[in-house]
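Undergrad: Supplied in structure tokens, the structure appears directly below.
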Amino acid sequence: MPAGRYAPSPSGDLHLGNLRTALLAWLFARASGRKLLLRYEDLDAGRTVEGSDNRQWQDMTALGITFHEQPVYQSQRGKEYDDALTQLRERGMVYECFCTRREIQEAPRAPHAPPGAYPGSCRQLSEAERARRRQERNPALRLLAGVDEYTVEDQLLGPITAGVDDFVLVRNDGAAAYNLAVVVDDQLTGVDQVVRADDLADSAPRQAYLRGLLYGSDAAEAVSYAHVPLVVNGEGKRLAKRDGAVTLAELAEQGISPEEVRDQLLGSLGLPAGDLQQALEAFDPQALPRDPWVWSPA
Ligand code: GLU
1 MPAGRYAPSP
11 SGDLHLGNLR
21 TALLAWLFAR
31 ASGRKLLLRY
41 EDLDAGRTVE
51 GSDNRQWQDM
61 TALGITFHEQ
71 PVYQSQRGKE
81 YDDALTQLRE
91 RGMVYECFCT
101 RREIQEAPRA
111 PHAPPGAYPG
121 SCRQLSEAER
131 ARRRQERNPA
141 LRLLAGVDEY
151 TVEDQLLGPI
161 TAGVDDFVLV
171 RNDGAAAYNL
181 AVVVDDQLTG
191 VDQVVRADDL
201 ADSAPRQAYL
211 RGLLYGSDAA
221 EAVSYAHVPL
231 VVNGEGKRLA
241 KRDGAVTLAE
251 LAEQGISPEE
261 VRDQLLGSLG
271 LPAGDLQQAL
281 EAFDPQALPR
291 DPWVWSPA
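Written as structure tokens, this is what we have:
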């Protein structure tokens, strides 16, 4: 069975924006006959909060969001990321990068380079130069990208075209970087539907390009994307934990039950309150609201 997935970082409790995205991932997967998988993106050890994986799972369960399999933890992979890297290395598509953030910001770049794109400073370093710089700093590993941009089709946004630069595959602390881990995990778990918040829309072309490089263009083209609108606070900014009572635990302290939260989230999507099964019957991706949902405390 093909699969969708929800892939939170276990960096604390899920807030209403995360929960709404999880609900949408469940609806999109079920409505298209897919299973839904859960993946904890815990490669950034400094951000991982112990126990938050289980709390996130409990909160989703309390809303009726269920998963088909045991969760995958990115931190328990390693070999799979290494294998993908080896494949790219053997094709001469990986190089070491010694740049600091500041050097990247200050480097001269081509007139039409997309903002934030890596200017390729370390592409042409000689072996001697690399050996010298390795003494000073651990390198990150970057992809030698063969395109400047790439396009994916999104169910809600239409075509998304974004720049593909020489993005990082392995960080300079040795951990697999976000884009590599996402692509390898999605492929290995049979994911062909990606539903997530639309602040990640720009990463979809990079990921699709990398998936095509590693697993062939059929694998890349099979993926269906839906980037869903964010939940924002009264100032129009992405909802964050500092925006008051925004997690199930905090809302429960105010006497608001998980069922009431579920109904509020469903209402924000134009779906009927109550059991998720009913919402599923009424679910039509094309009828979803396209604007951010502004959340204000009751
Ligand atoms: N871990 C990311 C997040 O929590 C989501 C990554 C993805 O869905 O590809 O925002």
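Going by this note's numbering, the sequence shown opens with residue 1, and the numbers climb by one from there. Cβ coordinates follow ideal geometry from the N, Cα and C atoms, glycine included.
Kindly examine ligand 1 and report whether one of its heavy atoms sits closer than 7 angstroms to the Cβ of R130.
TA: Because no heavy atom of ligand 1 lies under 7 angstroms away, the Cβ of R130 does not count as near it: no.
Undergrad: Using a Cβ-based criterion (distance less than 7 angstroms to any ligand heavy atom), does D22 qualify as near ligand 1?
TA: Note on residue identity: the sequence assigns Ala, not Asp, to residue 22. No, ligand 1 has no heavy atom inside 7 angstroms of this Cβ.
Undergrad: Put T21 into one of helix, strand or coil per three-state DSSP.
TA: Note: T21 maps to helix in three-state DSSP.
Undergrad: For ligand 1, which residues have a Cβ under 6 angstroms from at least one heavy atom, in chain order?
TA: Cβ atoms closer than 6 angstroms to ligand 1 belong to A7, P8, S9, E41, V182, R196, L200.
Undergrad: Go through its chain and collect everything with a Cβ distance to A84's Cβ below 7 angstroms, but skip five positions before and after it.
TA: If we look at A84 and ignore the five residues flanking it on each side, its Cβ neighbours are L180, V184, L214.
Undergrad: Can you give me the start and stop residues for the alpha helix (DSSP H) that L280 sits inside?
TA: That run of the alpha helix (DSSP H) goes 276–282.
Undergrad: Just to check my reading of the structure: F283 and A22 have Cβ atoms closer than 8 angstroms, yes? What is that Cβ distance to the nearest angstrom?
TA: Going by Cβ atoms, the distance from F283 to A22 rounds to 15 angstroms, so no, they are not a contact pair.
Undergrad: Check the C-beta distance from F67 over to L38 and give it rounded, since I have them as a contact under 8 angstroms.
TA: That pair is a contact at about 4 angstroms.
Undergrad: What do you get for Q56, buried or exposed, if any count of 16 or more other CB atoms within 10 angstroms of its CB means buried?
TA: By the neighbour-count rule (16 or more Cβ atoms within 10 Å), Q56 is buried.
Undergrad: For Q187, is the classification buried or exposed, using 16 other Cβ atoms within 10 angstroms of its Cβ as the cut-off for buried?
TA: Under this definition Q187 is a buried residue.
Undergrad: Given that a residue counts as buried once 16 or more other Cβ atoms are within 10 Å of its Cβ, and exposed if not, what is R47?
TA: The residue is exposed, with fewer than 16 neighbouring Cβ atoms inside 10 Å.
Undergrad: Give the range of the beta strand (DSSP E) segment to which V152 is assigned.
TA: Unbroken beta strand (DSSP E) run through V152: 149–154.
Undergrad: State the Cα-Cα distance for the pair P292 and R91, rounded to the nearest angstrom.
TA: If you take the alpha carbons of P292 and R91, they lie about 42 angstroms apart.
Undergrad: Taking the straight line between their C-alpha atoms, what separation do you get for V294 and L269?
TA: So the two alpha carbons sit approximately 12 angstroms from each other.
Undergrad: Please give the ranges of any alpha helix (DSSP H) in the stretch 113–148, keeping only runs that are unbroken, at least 4 residues long and fully inside the region.
TA: Runs found: 127–136.
Undergrad: My understanding is that Y118 touches P205, with C-beta atoms under 8 angstroms, so please give their C-beta distance in whole angstroms.
TA: About 15 angstroms separates the two Cβ atoms, so there is no contact after all.
Undergrad: Looking only at its own chain, which residues have a Cβ that is under 8 angstroms from the Cβ of D42, when we skip the five neighbours before and after it?
TA: Correct list, in chain order: S9, P10, T48, D53, Y73, Q74, S75.
Undergrad: Drop a sphere of 10 angstroms on the beta-carbon of Q278, count the other beta-carbons inside from all chains shown, and report buried for 16 or more, exposed for fewer.
TA: Answer is exposed; the Cβ neighbour count stays below 16.
Undergrad: Among the residues of its own chain, which have a CB less than 8 angstroms from the CB of L265, if the five just before and after it don't count?
TA: Same-chain partners within the cutoff: L16, L19, R20, L23, L63.
Undergrad: When we look at the beta-carbon of T247 and count the other beta-carbons within 10 Å, is it buried (16 or more) or exposed?
TA: Buried.
Undergrad: Return the residue from the list A177, L251, G236 that minimises the CA-CA distance to G78.
TA: The candidate whose alpha carbon is nearest that of G78 is A177.
Undergrad: From E281 to E69, what does the alpha carbon distance come to, in whole angstroms?
TA: So the two alpha carbons sit approximately 23 angstroms from each other.
Undergrad: Anyone know if the C-beta pair for F167 and R142 falls short of 8 angstroms?
TA: It is a contact, given that the beta carbons lie within the stated cut-off.
Undergrad: Suppose you measure from the CA of D154 to the CA of A226; what does that come to, to the nearest Å?
TA: Using only the alpha carbons, I get a separation of about 5 angstroms.
Undergrad: CB-CB under 6 angstroms to L34, same chain, minus the five flanking residues each way: which ones, in chain order?
TA: Reading off the sequence shown, one finds Arg at residue 34, where the question assumed Leu. Cβ within range, chain order: P2, A3, G4, Q193.
Undergrad: Taking the alpha helix (DSSP H) that A226 belongs to, which residues open and close that run?
TA: No alpha helix (DSSP H) holds A226; the beta strand (DSSP E) holding it covers 224–228.
Undergrad: Secondary structure at I160, three-state DSSP: helix, strand or coil?
TA: DSSP places I160 in strand when its eight states are reduced to three.
Undergrad: Alpha carbon to alpha carbon, how far is V191 from A128?
TA: Each residue's Cα considered, the two are about 42 angstroms apart.
Undergrad: Starting from Q264, trace the beta strand (DSSP E) in both directions and tell me its first and last residue.
TA: Here Q264 belongs to no beta strand (DSSP E); instead the alpha helix (DSSP H) covers 258–268.
Undergrad: My understanding is that G234 touches S296, with C-beta atoms under 8 angstroms, so please give their C-beta distance in whole angstroms.
TA: Between S296 and G234 the Cβ distance is about 5 angstroms, and since that is below 8 angstroms, they are a contact.
Undergrad: Within a Cβ cutoff of 6 angstroms, which residues of the same chain sit near R262, ignoring the five residues on either side of it in sequence?
TA: Excluding residues within five positions, the ones whose Cβ falls inside 6 angstroms are L63.
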